[in-house]
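S.K.:
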Ligand code: PHE
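In my numbering, the protein residues as written are 3 to 342.
#1: Ordered along the chain, which non-local residues of its own chain (more than five positions away) have a Cβ less than 8 Å from that of residue 76?
#2: Which class does residue 1 belong to by DSSP, given the choice of helix, strand or coil?
#3: Looking at ligand 1, does it come within less than 7 Å of residue 184, judged from the CB to the closest heavy atom?
#4: Hey, is the segment 310-321 in contact with the segment 214-227, meaning 3+ C-beta pairs nearer than 8 Å?
#5: Cα separation between residue 182 and residue 276?
#6: Distance check for residue 100 and residue 44, CA to CA, integer angstroms please.
#7: Rounded to whole angstroms, what's the CA-CA distance from residue 1 to residue 124? Just pull it up for me.
#8: When you compare the segment 264-278 with the segment 136-155, are there three or more beta-carbon pairs, one atom per stretch, that lie closer than 8 Å?
#9: For residue 274, count the other beta carbons within 10 Å of its own beta carbon; 16 or more makes it buried, fewer makes it exposed. Which is it?
#10: By a C-beta neighbour count over all protein chains shown, 10 Å radius and 16 as the cutoff for buried, is residue 221 buried or exposed?
#11: Excluding five sequence neighbours on each side, which residues of the same chain lie with their C-beta closer than 8 Å to the C-beta of residue 139?
#12: Which residues in the same chain as residue 37 place their Cβ atom closer than 7 Å to its Cβ, once the five residues preceding and following it in sequence are excluded?
#13: Under the rule that 16 or more other beta-carbon atoms within 10 Å means buried, what is residue 141, buried or exposed?
#14: Tell me whether residue 215 counts as near ligand 1, meaning its Cβ is closer than 7 Å to at least one heavy atom of that ligand.
#15: So what does residue 283 bridge to, in DSSP terms?
#16: For the structure I just gave you, are there three or more beta carbon pairs, one from the segment 42-57 and one from the segment 109-126, closer than 8 Å?
#17: Under three-state DSSP, which class holds residue 304?
#18: Assuming residue 240 contacts residue 224 under a Cβ cut-off of 8 Å, what Cβ separation, rounded to an integer in Å, is found between them?
#19: In the DSSP assignment, find the beta strand (DSSP E) that holds residue 176 and state where it starts and stops.
#20: Rounded to whole angstroms, how far is the Cβ of residue 46 from the Cβ of residue 79, which I believe are closer than 8 Å?
#21: Would you call the CB atoms of residue 199 and residue 130 closer than 8 Å?
#22: Tell me the rounded alpha-carbon separation between residue 301 and residue 342.
#23: Closer than 7 Å by C-beta to residue 210: which residues in its own chain qualify, once you throw out the five before and the five after it? Chain order, please.
#24: Pop quiz: residue 309 and residue 289 are said to be a contact at Cβ under 8 Å. What is the actual Cβ separation, rounded to whole angstroms?
#25: Can you name the start and end residues of the beta strand (DSSP E) that residue 204 belongs to?
#26: Would you say residue 228 and residue 196 are within 8 Å of each other, going by their C-beta atoms?
#27: If you measure from the CB of residue 253, is any heavy atom of ligand 1 nearer than 7 Å?
#28: Since I believe residue 306 is in contact with residue 230 (beta carbons under 8 Å), could you give me their beta-carbon distance rounded to a whole number of angstroms?
#29: Which term fits residue 1, buried or exposed, when burial requires 16 or more other beta carbons within 10 angstroms of its beta carbon?
#30: Measure the alpha-carbon distance for residue 206 versus residue 135 and round it to whole angstroms.
#31: How would you call residue 334, buried or exposed, if buried means at least 16 neighbouring beta carbons within 10 angstroms?
#32: Does residue 42 pass the burial test, meaning 16 or more other C-beta atoms within 10 Å, or should it be called exposed?
#33: Quick check: residue 2 and residue 272, are their CB atoms within less than 8 Å of each other?
#34: Using CA atoms only, rank isn't needed, just tell me which of 297, 321, 242 and 329 is closest to residue 281.
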């Protein structure tokens, strides 16, 4: 059955239109209402099409009414449109559109992280995986597992922030802020089987007085490579390649000196001399991994060997960018950070 149109239907449309138009806020709202009532599929058009089903005597009356309503709607919409446009202009008054916009401040990568990303990139190309340790460590991984039992004198070199607690016989329950990323060596070896090629960048802590070259927090990057026949020559080659790329200096000189760490045997210090410089700079502590470290991880030292190293990330960053005070890295002074 075809819907029948009468004056009541038209009144209802007018009523709805009045409500709708009272609620509009924007030109977009207005466009919607325009098409809802006046569009080719709008309410009025729909009803115009129904006129032909009316008895002839009603057609004229209804048709006239619909036309009248259409004109009224049109007028309302035009008025409203003008009103909204005027409001927008009013609101914008006093704004000088020719003033240049504000410059957006872009953040910077902290120089320490610039270095870490570069280290990861270079070692990544040499097949090293990146692992992450934890800053809150326990005594076992930070010391004992690395051939440094509680009475070992080498512990004194690394003044430690201990967590306040009753000392436990189980050293895995005595917590400290890791003094070295080496704490990750045995953690990693326990979870993976050799061969390994890993670097571990991360923050380390030492209970020390601060000065231009000492901070109580700093970053290290540990690295180790283990297989059945890794030698000191492999270490030397990898370090040379690394430093050439890191400092973008192909004539960089390097040297190894004997050193001492309880968890490597033999141990060495790796120094560099940049092009045009006279001074050797100490950058890396390293050595061949001590059999006891493999034993701590449940690995058989008869079957594998390898090197480990720890580089000072802050130190490398200071050398690269010629920064003379390590404390600048941790003061968050924008004037300093902005330069990177
Ligand atoms: N962990 C040592 C340090 O902090 C560096 C190191 C790492 C030495 C690995 C040898 C092997 O000084």
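All C-beta atoms in this analysis are idealised placements derived from N, C-alpha and C, irrespective of residue type, glycine included. Note that the coordinates shown come from a computational prediction; the quantities given were computed from them, not determined experimentally.
M.R.: In short, the structure shows the following:
#1: 40
#2: Because the chain spans 3 through 342 in this model, residue 1 falls outside it and cannot be assessed.
#3: yes
#4: Judged by Cβ distances under 8 Å, the segment 310-321 makes contact with the segment 214-227, as three or more pairs qualify.
#5: When rounded, the distance between both Cα atoms is 26 Å.
#6: 43 Å
#7: Here the chain comprises residues numbered 3 to 342, so residue 1 is not present and cannot be evaluated.
#8: Contact between the segment 264-278 and the segment 136-155 is established, with three or more Cβ pairs separated by less than 8 Å.
#9: buried
#10: buried
#11: 177, 178, 179, 180 and 185
#12: 44
#13: buried
#14: Exclusion of residue 215 from the 7 Å shell around ligand 1 follows from its C-beta lying no nearer than that to any non-hydrogen atom of the ligand.
#15: 274
#16: no
#17: coil
#18: No, residue 240 and residue 224 are not in contact; Cβ-Cβ is about 14 Å, not under 8 Å.
#19: It is not in any beta strand (DSSP E) - residue 176 carries neither H nor E in the DSSP assignment.
#20: Wrong, their Cβ atoms sit about 12 Å apart, outside the cutoff.
#21: yes
#22: 43 Å
#23: 161, 216 and 218
#24: 7 Å
#25: 198-207
#26: yes
#27: no
#28: 6 Å
#29: A query on residue 1 cannot be resolved here, the shown segment of the chain reaching from 3 to 342 and no further.
#30: 10 Å
#31: exposed
#32: With fewer than 16 other Cβ atoms within 10 Å, it is exposed.
#33: The structure shown does not extend to residue 2, since the chain spans only 3 to 342, so no value can be given for it.
#34: 321
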